[in-house]
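Input: a single structure, listed below in structure tokens.
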């Protein structure tokens with residue numbers, strides 16, 4: 350198992366740093382896996398979507414408010430956590446986009462739920478911080494290949 354944390358300002362110019370952190374940590378354990386390039390793109394999209402939503406919506410372009418990112422890689426799953434200090438998101442009010450609606454927002458939550466096996470959001474999960482937990486199950490062939498994870 351590996352675990353890592355990164356705290357960054359709420360500014361989209363840090364996206365490449367976030368990508369390098371996430372993918373660099375995972376590459377250490379998963380680079381030899383034949384499906385890694387596909388998963389690398391998938392996880393990059395998930396992290397960029399989650400982080401950019403915090404910057405644009407939760408922290409509303411206030412770069413002085415930090416975002417805390419956590420990564421946990423287990424033998425059979427990978428978990429990402431994105432902690433923010435915004436006002437919180439009312440998940441019960443979410444309406445998924447429909448093909449006939451000309452909806453501008455709401456696609457990020459849909460993308461996260463399509464790419465990850467488990468998506469959980471808790472407003473004020475720890476004090477004044479909200480937590481988005483994203484988890485994906487790893488294939489059994491990876492579990493058999495890797496003894497160090």
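In the numbering used here, the protein residues as written are 350 to 498. Built from N, CA and C at the ideal position, the CB exists for glycine as well.
Here DSSP, grouped into helix, strand and coil, assigns residue 370 to helix.
With distances taken between CA atoms, residue 479 lies nearest to 416 out of 410, 416, 489. Just so you know, the alpha carbons of residue 432 and residue 383 end up roughly 31 Å apart. For residue 415, the enclosing beta strand (DSSP E) has its first and last residue at 415-422. If you draw a 10 Å sphere on the C-beta of residue 356, you find fewer than 16 other C-beta atoms in it, and that means exposed. A distance below 7 Å between beta-carbons, with the five flanking residues on each side excluded, links residue 467 to the following residues of its chain, in chain order: 484. Of the candidates 365, 361, 470, 464, the residue whose Cα lies closest to the Cα of residue 410 is 361.
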